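A.B. asks:
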Amino acid sequence: MITHAMLIALLAVLASLPLGAQTTVTLGSFSSYVVENGDQPYDKPIVYTSVRRSLPLGFHIGLWGSTGTEGGRELDYLVGWESKNFSMDVGYYAHAGGSSSNLVQVDLRCTYPFKKGNHSLELYVAGSAILPTNSTGDSGTFLRAGLSDNWAFHENTEFVQNIWIMRDSGIFKEERGFTFRYEASVEFKHRSVVFSPVVQVSLPINMTDKKTHIAFGMKIKM
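Here the sequence shown stands for residues 10 to 231, where the numbers follow the numbering used here.
1. Which residue wins for smallest C-alpha separation from G155, given the options G74, K220, Q114 and L132?
2. Nearest-angstrom Cα distance between N111 and T142?
3. On a CA-only basis, which of F39, S137 and D177 is nearest V208? Give me that one, please.
4. Which value, in whole angstroms, describes the spacing of the CA atoms of R82 and Q49?
5. Are the region 201 to 215 and the region 183 to 190 touching by the rule of at least three beta carbon pairs closer than 8 Å?
6. From E232 to S178, what does the alpha carbon distance come to, in whole angstroms?
7. Going by alpha carbons, who is nearest to G37 out of G47, K53 and Y57?
8. Can you name the residues that DSSP bridges to F151?
9. For F204, which residues in the same chain have their Cβ closer than 7 Å to its Cβ, ignoring the five residues on either side in sequence?
10. Once DSSP output is grouped into helix, strand and coil, what is the label at G100?
11. Would you identify the three-state DSSP class for L64, choosing helix, strand or coil?
12. Are the Cβ atoms of F97 and D85 separated by less than 8 Å?
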């Protein structure tokens, strides 16, 4: 079970790691918690923090902690590998309280990056296998295709967009179908710190058990 002591330990890890090219720390808050398949497990404001550490040969590890779960907290552990056109991640998502299930998730992603003027674009396809580790959930898969765009319209400012369509196989006995997702942010860079107001829009295409969700947030990355 996740405890406050574990979240404090996470913050201690964040504080002890030297910042630099190999370590990224992110602090953020959103008006609600909307996950990538359009589910809204928590409809109140959340606060989260994460750290990602790059390792030799393309490997990386990460931690992600959040208040945004029903009746408790979430702490995610991540290990992965990436190259220019391919990445693979394995994560263990641990929840405390409420009815949320602990999960193992395996993500594969293929990308095609290209540039057009001041735009750095990336076409991608991705797949995820979700494996609950207790009796409260059923396994499932996500398949996603999308396009991301980083528009550097000023020396220290970028407009970042990400748009995708996802097929959900029906995890947790939910209805299977497609979801449309759009995310946009403006990144203001000051030295080694990036401030980003963010908006997320999630729209079910052919699923009646999901609703349209719009969430607003702020991220600080360093």
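Backbone N, C-alpha and C define an ideal beta-carbon position, used for all residues, glycine too. Quick caveat, the model's predicted, so the values are computed rather than measured.
C.D. replies: Walking through what the data contain:
1. Counting from one through the sequence shown, the residue named residue 155 turns up at place 146. The residue with the shortest Cα to Cα distance from G155 is L132.
2. For the purposes of this step, residue 111 is taken as the residue at position 102 of the sequence shown. For the purposes of this step, residue 142 is taken as the residue at position 133 of the sequence shown. Rounded to the nearest angstrom, the two C-alpha atoms are 6 Å apart.
3. Position 199 of the sequence shown, counting from 1, holds the residue named residue 208. Comparing Cα-Cα distances from V208 to each of F39, S137 and D177, the minimum goes to F39.
4. Stepping through the sequence shown from its first residue, residue 82 is reached at position 73. Stepping through the sequence shown from its first residue, residue 49 is reached at position 40. Using only the alpha carbons, I get a separation of about 15 Å.
5. yes
6. An answer regarding residue 232 cannot be provided, because it is not within the stretch 10 to 231 covered by the chain.
7. Along the sequence shown, read from residue 1 onward, the residue named residue 37 stands at position 28. When each option's Cα is compared against that of G37, the closest is Y57.
8. Counting from 1 along the sequence shown, the entry for residue 151 is found at position 142. S137 and D177.
9. Indexing the sequence shown from 1 puts residue 204 at position 195. For F204, where only same-chain residues beyond five positions count, the Cβ hits under 7 Å are F197 and I229.
10. By one-based count along the sequence shown, residue 100 stands at place 91. Reduced to three states, the DSSP call for G100 is strand.
11. In the sequence shown, counting from the first residue as 1, residue 64 sits at position 55. Here L64 sits in coil by DSSP.
12. Along the sequence shown, read from residue 1 onward, the residue named residue 97 stands at position 88. Along the sequence shown, read from residue 1 onward, the residue named residue 85 stands at position 76. The question names Phe, but residue 97 is Met in the sequence shown. No; because the gap between Cβ atoms is not below 8 Å, this pair is not in contact.
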